[in-house]
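For reference, each letter of the sequence shown is one residue, going 1 to 408 in full-length UniProt numbering.
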Amino acid sequence: MPVYEYEALLADGRKSKGIIDADSEAAVRTRLRGEGKYPVAIRVTRARTDQAEEGSLGRFRLFERVKAAEIHLFTRQLATLLGAGIPLDTALNSIVEQTENPALQRVTVQLKESVSEGEPLSRAMQRFGRLFPNMYINMVRAGEASGGLDRVLSRLADFGEKQEALKARLRAALVYPLFMAVVGAGILFILITYIVPNITRVFDEMGQVLPVPTVLLIGLSSFLRDYWWLLLTVGVGCVVAGRIFVRRPLGKYLWDMIKLRTPVWGPVMRKSVVARFSSTMESLLGSGVEIIRSLEIVKRIIDNVHVSATIDRAIEDINKGKSMAAALSGSAWFPPMFVQMVAVGETSGQLEEMLAKVAAASERDVEAAVLGLTSLIEPIMIVSMGAAVGFIVLSILLPIFEMNQMIG
Numbered sequence: 001m002p003v004y005e006y007e008a009l010l011a012d013g014r015k016s017k018g019i020i021d022a023d024s025e026a027a028v029r030t031r032l033r034g035e036g037k038y039p040v041a042i043r044v045t046r047a048r049t050d051q052a053e054e055g056s057l058g059r060f061r062l063f064e065r066v067k068a069a070e071i072h073l074f075t076r077q078l079a080t081l082l083g084a085g086i087p088l089d090t091a092l093n094s095i096v097e098q099t100e101n102p103a104l105q106r107v108t109v110q111l112k113e114s115v116s117e118g119e120p121l122s123r124a125m126q127r128f129g130r131l132f133p134n135m136y137i138n139m140v141r142a143g144e145a146s147g148g149l150d151r152v153l154s155r156l157a158d159f160g161e162k163q164e165a166l167k168a169r170l171r172a173a174l175v176y177p178l179f180m181a182v183v184g185a186g187i188l189f190i191l192i193t194y195i196v197p198n199i200t201r202v203f204d205e206m207g208q209v210l211p212v213p214t215v216l217l218i219g220l221s222s223f224l225r226d227y228w229w230l231l232l233t234v235g236v237g238c239v240v241a242g243r244i245f246v247r248r249p250l251g252k253y254l255w256d257m258i259k260l261r262t263p264v265w266g267p268v269m270r271k272s273v274v275a276r277f278s279s280t281m282e283s284l285l286g287s288g289v290e291i292i293r294s295l296e297i298v299k300r301i302i303d304n305v306h307v308s309a310t311i312d313r314a315i316e317d318i319n320k321g322k323s324m325a326a327a328l329s330g331s332a333w334f335p336p337m338f339v340q341m342v343a344v345g346e347t348s349g350q351l352e353e354m355l356a357k358v359a360a361a362s363e364r365d366v367e368a369a370v371l372g373l374t375s376l377i378e379p380i381m382i383v384s385m386g387a388a389v390g391f392i393v394l395s396i397l398l399p400i401f402e403m404n405q406m407i408g
């Protein structure tokens, strides 16, 4: 059945937009008039084959995006409706009417149309790979096979909301230091390029031999004032070149190692790896996804070549009959405590519960470590700003002191 987007006027003159599926444009007009809406524009949405070819989000209009929080809400609503015994196609139709984001609305309509035609929900979601990642689709497929789709969707919503909450807390912790860095750099730039030249011009006119700090300050001021565009170009070029290099195998190998081995940030990244591994494995195993498939999914989610190599070796060992704890033991990225808890979980038959505990503890450790880093960054920034301002003041005062001594 075709899917149409419409714009209509209500009786009070307000505009109304939405998506509706009907046999024809005439049927859309009839239905809208029956709802007290007067259609202004009706257009058919593009076919599912188009969106599959264009890569999921390529068909979305400019500035139309689907946020992760909206996907979590979609998942929660669908789980609630299915848990109440509502059929899947009816539940999706209900979500279409509640969704405000036009892009997500169109996706939901396409999902509803596919399901109405007898296609499994997991297969329909594969056409929207950017919205529904591999982990999401595999869990939905497992829920469909076990007959517990509502429980799996509820677990997915819990997982997504928890991950989003952790990211929000980490972003909030980094906002203040980033703001201070930007403001501090802006103030220093204004001081050096606009204030300092007006003061040091007096020294140049006097023809006095200037102290080394003053000469350095004048040179830095002239360089920044005349070549700030060059610094900006070089900075942007370095960022672009770095991103291109990181996409290559050697660059990614080095960058992933730096992230894991850096003295201060490395421990945080390793804890983050354990947290994501544990929480994702717990969700997948709890949804009925078998362990080898779960490890393959987690490997792609973590997206680190060194951790991926460890997981690949673990998959080989598990295929040979080893336990997951034995397969991950000895790895530099999974600490002994994690391996011991996994071993206890496997022995007691409570691996999912043990992974959930590890994930919760690791997430707390990550958050505490990031907060500790931000609390360390603040005094470093204050000292750095003080040192920079002190250098500027010293460079200006030294020639004045020398002039006073000469006069005296």
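The beta carbon of each residue, even a glycine, is placed where N, CA and C say it ideally should be.
Tell me which same chain residues have a C-beta within less than 6 angstroms of the C-beta of Asp12, skipping the five on either side of it? Closer than 6 angstroms at the Cβ level, and outside the excluded window around Asp12, lies no residue.
Check whether the segment 274-288 touches the segment 129-145, taking contact to mean three or more Cβ pairs, one atom from each stretch, closer than 8 angstroms. yes
I need the straight-line Cα distance from Gly219 to Asp226, nearest angstrom please. 11 angstroms
When you compare the CB positions of residue 416 and Phe391, do they come within less than 8 angstroms of one another, or not? Nothing about residue 416 can be reported from this structure: the residues present for the chain run from 1 to 408 only.
Out of Val307, Pro267, Asn319, Gly386, which one is the CA nearest neighbour of Ser362? Pro267
Label Glu282 either buried or exposed according to how many other C-beta atoms from any shown protein chain fall within 10 Å of its C-beta, with 16 as the threshold for buried. buried
Buried or exposed for Gly345, please, with buried defined as at least 16 other CB atoms from any protein chain shown within 10 angstroms of its CB. buried
Looking at Ile302: is its Cβ nearer than 8 angstroms to the Cβ of Ser294? Contact flag unset, no.
Fully enclosed by the segment 211-277, which alpha helix (DSSP H) runs are 4 residues long or longer? 212-247, 249-261
Is Ile311 buried or exposed, if buried means 16 or more other CB atoms sit within 10 Å of its CB? Looking at its Cβ environment, which holds 16 or more other Cβ atoms inside 10 Å, Ile311 is buried.
Report the three-state DSSP secondary structure of Ile20 (helix, strand or coil). strand
Once you ignore the five residues that flank Gln126 on each side, which residues in its own chain have a CB closer than 8 angstroms to its CB? Phe132, Ile137
If you draw a straight line from the C-alpha of Ser375 to the C-alpha of Leu170, how long is it? If you draw a straight line from the Cα of Ser375 to the Cα of Leu170, it comes to about 13 angstroms.
Check the DSSP bridge columns for Ile42 and list the partner residues they point to. Tyr6
Leaving aside the five residues before and after Phe338 along the sequence, list all residues of the same chain whose C-beta is less than 7 angstroms from its C-beta, in chain order. In chain order, Val274, Val358 place their CB closer than 7 angstroms to the CB of Phe338, counting only its own chain and leaving out the 5 sequence neighbours on each side.
Going by DSSP, which residues form a beta bridge with Lys299? Residue pairing from DSSP leaves Lys299 without any beta-bridge partner.
Using CA coordinates, which residue listed in Leu355, Leu78, Lys252, Ala325 is at the minimum distance from Asn304? Lys252
Would you tell me roughly how many angstroms separate the C-alpha atoms of Arg31 and Cys238, rounded to the nearest one? 57 angstroms
Use the C-beta contact count for residue 409: other C-beta atoms within 10 angstroms, 16 or more gives buried, fewer gives exposed. This structure leaves residue 409 out entirely; the chain is present only between 1 and 408.
Tell whether a beta-carbon distance below 8 angstroms holds between Val196 and Leu217. At a Cβ-Cβ threshold of 8 angstroms, Val196 and Leu217 count as neighbours.
In the DSSP output, which residue or residues are listed as bridge partners for Lys15? Leu9
Which term fits Gln51, buried or exposed, when burial requires 16 or more other beta carbons within 10 angstroms of its beta carbon? Because the pLDDT of Gln51 is 42, which lies under 50, any placement of that residue in the model is unreliable, and the question is left without a value.
Quick check: Glu5 and Arg65, are their CB atoms within less than 8 angstroms of each other? no
At least three beta-carbon pairs within less than 8 angstroms, the segment 100-120 to the segment 14-24: yes
Alpha carbon to alpha carbon, how far is Leu178 from Leu191? Give it in angstroms, no decimals. 20 angstroms
How far does the alpha helix (DSSP H) with Arg33 in it extend, from its first residue to its last? 25-34
Give me the residue from Val393, Val115, Ala84, Arg76 with the minimum Cα distance to Asn93. Val115
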